[in-house]
Structure formats: structure tokens, C-alpha cells
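Here is the structure we will look at.
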Amino acid sequence: MLKTLEDLVTLARERKKNPVEGSYTNKLLEDETLSKVKVLEEIDELIESVEKNTNKIHEAADVFYHLIMYLEKSGIKIEEVMEELNSRKK
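Residue 37 in this note's numbering is what sits at position 44 of the sequence shown, and the numbering runs on without skipping anything.
Spelled out as C-alpha cells, the structure:
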């Protein structure tokens, strides 16, 4: 299950090193404004879909994808985020 998230992180890192022309992933990784706007947009869409009880899974997947791309674009390593979450265990 979590392999899919790992694969998204790997994809982002590979595309940063070896961009693919016309790739949406590369557009997000190259344009911080676009990446930020998409994260905010997708979160809004997820909240709306939860409230209306429609398309929740699709919208949640969009949030994960765009958030991972934004984090990678911003130089925030998912490993560090996981370490932070782990340190919060009580």
C-alpha cells in the first residue's frame, strides 16, 4: 500500500534529475506557483467532495500526488516528514 507513495516520491526525484518534455509532473516540479496553487485547489476539492459525499477517493489521491510534488519542489524530503511524525508518538 505505501509502496505507491514511495513510487510517487521516486517519480518526482527521477523527473527532477531527468525531465520529460510535456510531463505534468515536471511542470509541477519546475513551477512553484503552479505547484502551490494545485495543492490548495486539490485540498479545497477534497473538502467539498467529503462534504457532498462524492468522489472522495479520487480527490484524496489528487491531494497526495500534488502534495508530494510540492514537497519535492520545495526541497522537503518525505523521509524528514516521516521522522517528524514518528517523533510525535506518545
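Idealized CB from N, CA, C, for every residue including glycine.
Grab the span of the alpha helix (DSSP H) containing residue i for me, first residue to last.
i	result
Val99	No statement about residue 99 is possible, as the shown extent of the chain runs from -6 to 83 and does not include it.
Asp24	Counting along the chain, Asp24 falls outside any alpha helix (DSSP H), and DSSP gives it neither H nor E.
Looking at C-alpha atoms only, which residue of the options is the closest neighbour of residue i?
i	options	result
Asp37	Asn19, Leu22 and Leu60	Leu60
Glu23	Asn48, Thr47, Met75 and Met62	Met62
Lys20	Ile71, Leu1, Met(-6) and Lys66	Lys66
Thr26	Pro12, Glu77, Leu64 and Val74	Leu64
Thr(-3)	Asn11, Leu78 and Ala54	Ala54
Lys29	Tyr58, Asn46, Val13 and Glu72	Tyr58
For residue i, does the three-state DSSP call read helix, strand or coil?
i	result
Asn79	helix
Ile36	helix
Ser67	coil
Thr(-3)	helix
Thr47	coil
When every heavy atom of the ligand FMN is checked, does at least one fall within less than 6 Å of the C-beta of residue i?
i	result
Val13	Inclusion of the ligand FMN in the displayed structure is not the case, the ligand content being empty and no account of it being possible.
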